[in-house]
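A.B. asks: Following this message is one structure expressed as structure tokens.
Number of protein chains: 2
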Amino acid sequence: MDKTTALAIAAEAGDEIASRLEFLYELDQLKTVLRQSMLADGSRQENSAEHSWHLAMTAMTLAPLADEPIDVERAIKILLVHDIVEIDAGDVFIYDDAQRAAAEAAEQEAADRIFGLLPAEQGGEFRALWDEYEDRSTPEGRFAYACDRLQPLLLNVAIGGGSWRRHGVTADRVKAINGAIDDGLSQVWAVAERCIDQAVVDGQLLPPPTA
Amino acid sequence: MDKTTALAIAAEAGDEIASRLEFLYELDQLKTVLRQSMLADGSRQENSAEHSWHLAMTAMTLAPLADEPIDVERAIKILLVHDIVEIDAGDVFIYDDAQRAAAEAAEQEAADRIFGLLPAEQGGEFRALWDEYEDRSTPEGRFAYACDRLQPLLLNVAIGGGSWRRHGVTADRVKAINGAIDDGLSQVWAVAERCIDQAVVDGQLLPPPTA
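As structure tokens, this is what we get:
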């Protein structure tokens, strides 16, 4: 037995089952995509699958603090699918503008391929959730994005600077990028902003460059 | 900056925020709880956080094949929280009956402690989701449990037996334990059962002991 044989057996039961099992096997690969963030204990880099779980839990947990009324279940589903394109396109370090721009086409192709494995209607639904994350045109999309900015900030703070320090990111850029937290979780952003300031005081994060 | 300082800053903003951020830091530890299953590429053991993400995606993906009408969002939330107790109680190998019985009290204590970090109302909601997984008294609880039995089976099949082989589990026990898939996803169980039979034919899973 292997994956191919399992999918051949599933194919005999019809495409409704086989296509979905193939998609689930495909998803397993997100566990091998490494992010810049370390775990809060500093032991290793975080992967995008466990990150997605942590974000879904962040949404569930912080929903009562959301600025706008949100459908939390929809925000959870947005966060569950939001990094799936990284299976093909890899993780992009948020502070690397050139890499972010270059990844855009690859991510669109990845979305076509991976969500395209599913029956069309369901693939379209998952794709729409991913688009909602990318566009941030709905309260749920903005809330999901706020969660996705907060969680790595919490991890960096826990280990004294983490990927900010490793990549020489300055405090002004950390605030500019993570200021999106303010668009969905403004009370939490007030705390996060104080943590950023304290990280500068503690010498763990570079101050803004002087003019 | 470290976790303690971040939580002290949060505490000044009030317990509604601080308790939730503490809970989110606590959850990070689920990424270090290792399961018996290997990833589908055989590269390493799976951890309980990425497993929980894969299960939530399994529920989203297989919902159209559910036997009973289900609230899929509730099933997703059940699966997101179902392994959180392992932060204190560790992962239990499903085929180890003695370990499973021994873990029960530890899991109850873990649920008290970890969900108890949250504001009472929300902690109660999360706890109820975990109870629903444990009790399997609702269609969502049964569907979630069926997903939780299917996913490791798919992983074991992908690597030619995996934890079944390593622990000398026989096919009759694999069918008995995973037969719960039949309680929520009967069409998928028919495929899984054929995969189990094929694994025996291929010498990757021990046949039932002869009387």
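Residue numbers (the numbering used here), protein chains in the order written: chain A, -11 to 199; chain B, -11 to 199. Note that the Cβ used here is the ideal one computed from N, Cα and C, for glycine as well.
What number of angstroms, rounded off, separates the C-alpha of Ala210(B) from the C-alpha of Leu194(A)?
C.D. replies: Past the boundaries of the shown model lies residue 210(B); chain B is included only from -11 to 199, so the question cannot be answered.
A.B. asks: Okay, do the segment 35 to 43 of chain B and the segment 36 to 49 of chain A touch, 3+ Cβ pairs below 8 Å being the bar?
C.D. replies: yes
A.B. asks: Could you check whether Ala168(A) and Tyr121(A) sit closer than 7 Å to each other, using their CB atoms as the reference points?
C.D. replies: no
A.B. asks: DSSP state of Met(-11)(B), grouped into three classes?
C.D. replies: DSSP places Met(-11)(B) outside both helix and strand once states are collapsed to three, so it counts as coil.
A.B. asks: At what residues does the beta strand (DSSP E) containing Ser25(A) begin and finish?
C.D. replies: Unbroken beta strand (DSSP E) run through Ser25(A): 22 to 26.
A.B. asks: On the DSSP bridge list, what partners appear for Asn35(B)?
C.D. replies: Leu22(B)
A.B. asks: Looking at C-alpha atoms only, which residue of Leu15(A), Ala(-4)(A), Arg137(A) is the closest neighbour of Arg161(A)?
C.D. replies: That would be Arg137(A), whose Cα lies nearest to the Cα of Arg161(A).
A.B. asks: Report yes if the C-beta distance between Glu10(A) and Leu105(A) is below 7 Å; otherwise report no.
C.D. replies: yes
A.B. asks: If contact is defined by three or more beta carbon pairs under 8 Å, each pair taking one atom from either stretch, is the segment 74 to 87 of chain B in contact with the segment 72 to 92 of chain A?
C.D. replies: Verdict: no, contact absent.
A.B. asks: Cβ of Trp41(B) less than 7 Å from any chain A Cβ?
C.D. replies: Yes, Trp41(B) counts as interfacial toward chain A.
A.B. asks: Along chain B, which residues have their Cβ under 8 Å away from the Cβ of Ile(-3)(A)?
C.D. replies: Val179, Arg182, Cys183, Gln186
A.B. asks: I want to verify the contact list: residues of chain A whose CB lies under 9 Å from the CB of Met26(B), in sequence order.
C.D. replies: What Met26(B) touches in chain A: nothing, since even the nearest Cβ is about 10 Å away.
A.B. asks: In three-state DSSP terms, what is Thr126(A)?
C.D. replies: coil
A.B. asks: Classify Pro140(B): buried if its beta carbon has 16 or more other beta carbons within 10 angstroms, exposed otherwise.
C.D. replies: buried
A.B. asks: Helix, strand or coil, according to DSSP, for Thr46(A) in the structure here?
C.D. replies: helix
A.B. asks: Any idea which residues DSSP pairs Leu173(B) with across the strands?
C.D. replies: Beta-bridge pairing links Leu173(B) to no other residue.
A.B. asks: Leu67(A) by DSSP, collapsed to three states: which one?
C.D. replies: helix
A.B. asks: Smallest Cα separation from Ile72(A): which of Thr46(A), Gln17(A), Asp185(A), Ala91(A)?
C.D. replies: Gln17(A)
A.B. asks: Around the Cβ of Asp119(A), are there at least 16 other Cβ atoms within 10 angstroms (buried) or fewer (exposed)?
C.D. replies: It counts as exposed.
A.B. asks: Which residue from Arg62(B), Pro196(B), Ile184(B) puts its Cα closest to that of Met48(A)?
C.D. replies: Arg62(B)
A.B. asks: Would you kindly work out how many angstroms separate the C-alpha atoms of Val145(B) and Leu50(A), rounded to a whole number?
C.D. replies: Whole-angstrom Cα-Cα distance: 38 Å.
A.B. asks: Going by the beta-carbon positions, is the gap between Met45(B) and Leu15(A) smaller than 7 Å?
C.D. replies: yes
A.B. asks: Kindly identify the DSSP beta-bridge partner or partners of Thr158(B).
C.D. replies: For Thr158(B), the beta-bridge partners assigned by DSSP are Leu194(B).
A.B. asks: Compare the beta carbon distance of Asp170(A) and Trp177(A) with 7 Å and say whether it is the shorter of the two.
C.D. replies: yes
A.B. asks: Going along the segment -1 to 17 of chain A in order, which residues come within less than 9 Å of chain B, judged by CB to CB distance?
C.D. replies: Glu0, Ala1, Gly2, Glu4, Ile5, Ala6, Arg8, Leu9, Phe11, Leu12, Tyr13, Leu15, Asp16, Gln17
A.B. asks: To the nearest angstrom, report how far apart Ile64(A) and Glu128(B) are at their CA atoms.
C.D. replies: 17 Å
A.B. asks: For Thr126(A), which residues in the same chain have their Cβ closer than 7 Å to its Cβ, ignoring the five residues on either side in sequence?
C.D. replies: Glu120
A.B. asks: Does DSSP put Val145(B) in a helix, a strand or coil?
C.D. replies: helix
A.B. asks: Under three-state DSSP, which class holds Ala54(B)?
C.D. replies: Looking at Ala54(B) - three-state DSSP - the assignment turns out to be coil, as it is neither helix nor strand.
A.B. asks: Measuring straight from C-alpha to C-alpha, what distance separates Ala91(A) and Arg154(A)?
C.D. replies: 22 Å
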